[in-house]
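K.L.:
One structure coming up, written as structure tokens, with questions to follow.
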């Protein structure tokens with residue numbers, strides 16, 4: 456599975472990505488051994504195999520620049536831990552690649568993938584209340600704040616469109 460945006464390629468990693476997975480996973484960037492990176496890729500593939508139309512177990516995609524597709528800039532995807540029919544969007548970009556519009560491109564692509572590839576009706580998102588950049592990214596992509604966590608962190612939801620008209624939740 457690949458998703459393309461103006462500047463990015465979101466792609467499902469394979470063994471060909473082993474050095475980059477070892478370099479960039481997990482998000483704390485402590486390098487993995489080749490064996491650990493292979494296990495990570497195998498875990499991602501097992502998780503992906505559990506995804507079906509209308510139900511996402513876990514989808515993790517590497518974020519790469521279109522002009523340098525062999526280098527991973529970060530990770531994004533949909534996590535169905537809380538709800539497989541309304542997964543939570545996640546996005547982790549390396550610091551040098553933040554504030555360049557990549558987050559907005561990733562979120563828009565993920566929402567398209569959720570609706571078109573998995574036939575999901577909605578996607579959940581959230582961020583820390585002080586993370587104004589993440590809040591703006593979700594709002595620009597069409598997500599709507601519907602509440603807050605007990606600590607004040609905002610909660611967002613996206614409803615897939617039908618016939619070009621945003622769906623309204625009853």
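Residue numbers (my numbering): 456 to 625.
Even for Gly, the Cβ is constructed at its ideal location relative to N, Cα and C.
Please classify residue 618 as buried or exposed, where buried requires at least 16 other C-beta atoms within 10 Å of its C-beta.
P.N.:
Because the pLDDT at residue 618 is just 46, under 50, the model does not fix this residue reliably, and the point stays unresolved.
K.L.:
Using the beta-carbon count (16 or more within 10 Å), is residue 528 buried or exposed?
P.N.:
Its Cβ being crowded by 16 or more others within 10 Å, residue 528 is buried.
K.L.:
Could you give the C-beta distance for residue 476 and residue 492, rounded to a whole number, given that I count them as a contact under 8 Å?
P.N.:
About 4 Å separates the two Cβ atoms, so the contact holds.
K.L.:
At what residues does the alpha helix (DSSP H) containing residue 561 begin and finish?
P.N.:
Segment 557-571, the alpha helix (DSSP H) holding residue 561.
K.L.:
When burial is assigned at 16 or more other CB atoms within 10 Å of the CB, is residue 575 buried or exposed?
P.N.:
Buried: at least 16 other Cβ atoms inside 10 Å.
K.L.:
Return helix, strand or coil for residue 578, following the three-state DSSP convention.
P.N.:
Looking at residue 578 - three-state DSSP - the assignment turns out to be strand.
K.L.:
Return yes when the Cβ of residue 541 is within less than 8 Å of the Cβ of residue 577, no when it is not.
P.N.:
Yes; because the gap between Cβ atoms is below 8 Å, this pair is in contact.
K.L.:
Going straight from the alpha carbon of residue 460 to that of residue 560, what length do you get?
P.N.:
Taking the straight line from one Cα to the other gives about 6 Å.
K.L.:
According to DSSP, simplified to helix, strand and coil, what is residue 625?
P.N.:
Confidence at residue 625 is low in this model, with a pLDDT of 45, below 50, so its placement is unreliable and no value can be given for it.
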